[in-house]
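Numbering (our numbering), first residue to last: 34 to 173. For every residue, glycine included, the Cβ atom is placed at its ideal position computed from N, Cα and C. None of these values were measured; they are calculated from a predicted model. Below is one structure, written out as structure tokens; the observations come after it.
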């Protein structure tokens, strides 16, 4: 028998002081942002319902809807309305693309470290690129 005993690897949770130094992999970032985007869409649901109602009720309400982006809503300036809608656009796009990513991995059983990293980077890049394109249309 061998006299040396191989030490087993020990796995510990990170301490709260190590959070800023910890490098989360792209798949972890996408996972957290998927939850954040879902919560953001849920919290902004009253705004979405109001915007939809204002856009389809009548021509006068549509004009009020369109002016909300320029003049604002009550005490909320138009820029804040645009930023809220931009946040909603990002949340929807990220949540949708990340959801398709999860469905693809479930359907094809493509759960490798390389595919997880590349699909996470694609999710982050595609959602940000599409947000910039639609945000450009929103602001200009």
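Residue of the options minimising C-alpha distance to residue i
i           : options             : result
residue 98  : 153, 83 and 112     : 83
residue 128 : 160, 47 and 42      : 160
residue 80  : 105, 66, 56 and 67  : 105
residue 162 : 76, 130 and 103     : 130
residue 78  : 55, 46 and 118      : 118
residue 102 : 115, 173 and 86     : 115
residue 70  : 96, 86, 165 and 132 : 132
Alpha carbon of residue i to alpha carbon of residue j, nearest angstrom
i           : j           : result
residue 59  : residue 148 : 11 Å
residue 63  : residue 135 : 11 Å
residue 124 : residue 61  : 17 Å
residue 94  : residue 73  : 26 Å
residue 122 : residue 48  : 35 Å
residue 40  : residue 120 : 49 Å
residue 51  : residue 57  : 12 Å
residue 43  : residue 68  : 29 Å
residue 138 : residue 145 : 9 Å
residue 92  : residue 172 : 23 Å
Element boundaries [alpha helix (DSSP H), containing residue i]
i           : result
residue 150 : 146-172
residue 87  : 78-89
residue 124 : 111-141
Three-state secondary structure assigned by DSSP to residue i
i          : result
residue 38 : coil
residue 65 : helix
residue 47 : coil
residue 93 : helix
Chain C contact for residue i (CB, 7 Å cutoff)
i          : result
residue 93 : As a matter of chain content, chain C is missing from the structure shown, which is built from one protein chain.
Count the CB pairs spanning the stretch 151-166 and the stretch 97-115 that are closer than 8 Å, and state whether there are at least three. No, because fewer than three Cβ pairs between the stretch 151-166 and the stretch 97-115 fall closer than 8 Å, the two stretches do not touch.
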